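Engineer: What follows is a single structure, and I will ask about it in a moment.
In the UniProt record's numbering, the protein residues as written are 1 to 322.
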């Protein structure tokens, strides 16, 4: 006898191709297999790599056990302040123009960014292609819409900057443009400083709202500050924008889901409003972000010796993968 289900109207979704490839790799017993699935940095023998700075931070954490109580809905303060410093630099991070929220890694940061922009009435997105495959579904998931333009031209094996400029110049005001600050996924084709300056000029003149995704800070040039240049330049231009940040790659905290969302607000009177909206939106999602990865990241960022060691490790990893 067939029983009618309340879920009978649901279709079976196709698995994510990257995750499916990762699963097949794990199940394959061949000694000659090569993992070309998800972006995870591994050691010489293909083992999961743990940054030495992360190992030291974990030891410090275990020796000073903070317990397992709830933290803060906006995130662990030492972590969000530290994360802000990593991407904006010490000076800009402390000027009071930035509202920050601890998120479920970079994916969660993007999701919360799209939710916040929906609340602000900014629902018309533009994304350059090819791009990370999750952008479109996440934008649609919050009820917003998106258009695409060509970021990378395979014929010239480089950025189609004319197409980028055309999209910026033809988009309606208040449109949201989603940019990757460095290590463009999946092409690796990043804008030059001059190109970023032209983009910023159009953004300002045409009232475009930028969102930066910075998932690989440090892995483009080997220097975290160099890779954060586009974000800091836009800040210097007195623009409002969002930054979706992740420590999955540059600290190897993949499964700990360690991210942050930053909102740059030019009118200081509205920073508390944005901060409260971020907390309210996150409350309806999951209330509190996981603490373990954030505590590890916080120790590394805020301990000068560990931060210096981590910065060198990022540089070394970049050299190895070039």
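Note that CB positions come from ideal geometry on N, CA and C, so glycine has one too. Please read these numbers as outputs of a predicted model, since none were measured by experiment.
Just to confirm my understanding: we take residue 53, look at its own chain, exclude 5 residues before and 5 after, and list those with CB closer than 7 Å. What are they?
Structural biologist: Taken in chain order, the residues that qualify are 300, 306, 309, 310, 313.
Engineer: Start and end of the beta strand (DSSP E) containing residue 128?
Structural biologist: Unbroken beta strand (DSSP E) run through residue 128: 124 to 129.
Engineer: Would you mind reading off the limits of the alpha helix (DSSP H) that contains residue 275?
Structural biologist: Counting along the chain, the alpha helix (DSSP H) containing residue 275 begins and ends at 271 to 285.
Engineer: Kindly indicate which three-state DSSP category residue 311 falls into: helix, strand or coil?
Structural biologist: Helix, per DSSP.
Engineer: Who are the Cβ neighbours of residue 221 in its own chain at under 6 Å, not counting the five residues just before and after it?
Structural biologist: If we look at residue 221 and ignore the five residues flanking it on each side, its Cβ neighbours are 227.
Engineer: Quick test of your reading: residue 295 and residue 104, contact by CB under 8 Å. State the CB separation rounded to the nearest angstrom.
Structural biologist: Not confirmed; about 15 Å, so no contact.
Engineer: Three or more beta-carbon pairs under 8 Å between the region 234 to 243 and the region 271 to 280, yes or no?
Structural biologist: Too few Cβ pairs lie closer than 8 Å, so no.
Engineer: Measure the C-alpha to C-alpha separation of residue 72 and residue 115 and round it to an integer number of angstroms.
Structural biologist: When rounded, the distance between both Cα atoms is 20 Å.
Engineer: Are residue 217 and residue 86 touching if we call contact CB-CB under 8 Å?
Structural biologist: Their beta carbons are under 8 Å apart, which means residue 217 touches residue 86 by this criterion.
Engineer: Quick one, which of 133, 316, 186 has its alpha-carbon nearest residue 224's?
Structural biologist: Of the listed residues, the one whose Cα sits closest to residue 224 is 316.
Engineer: In the DSSP assignment, what are the bridge partners of residue 259?
Structural biologist: BP columns for residue 259 point to 103, 246.
Engineer: Can you tell me whether residue 266 is buried or exposed? The criterion is at least 16 other CB atoms within 10 Å of its CB, across all chains shown.
Structural biologist: Classification for residue 266: exposed.
Engineer: Among 171, 152, 117, which one has its Cα closest to the Cα of residue 140?
Structural biologist: The shortest C-alpha separation from residue 140 is found at 117.
Engineer: What residues in its chain sit with their C-beta under 8 Å from that of residue 84, if we drop five residues either side in the sequence?
Structural biologist: Same-chain partners within the cutoff: 93, 98, 100, 260, 262.
Engineer: Could you check the C-alpha separation between residue 183 and residue 195 for me, to the nearest Å?
Structural biologist: Approximately 15 Å between the Cα atoms of the pair.
Engineer: Per DSSP, which residues does residue 331 bridge with? Please list them.
Structural biologist: No answer is possible for residue 331: the residues shown for the chain start at 1 and end at 322.
Engineer: Does residue 178 pass the burial test, meaning 16 or more other C-beta atoms within 10 Å, or should it be called exposed?
Structural biologist: Flag for residue 178 reads buried.
Engineer: For the beta strand (DSSP E) holding residue 21, just list the boundary residues, first then last.
Structural biologist: Run containing residue 21: none in the beta strand (DSSP E); it sits in the alpha helix (DSSP H), 17 to 27.
Engineer: For residue 71, write down the residues that DSSP places opposite it in a beta bridge.
Structural biologist: DSSP lists no partner for residue 71.
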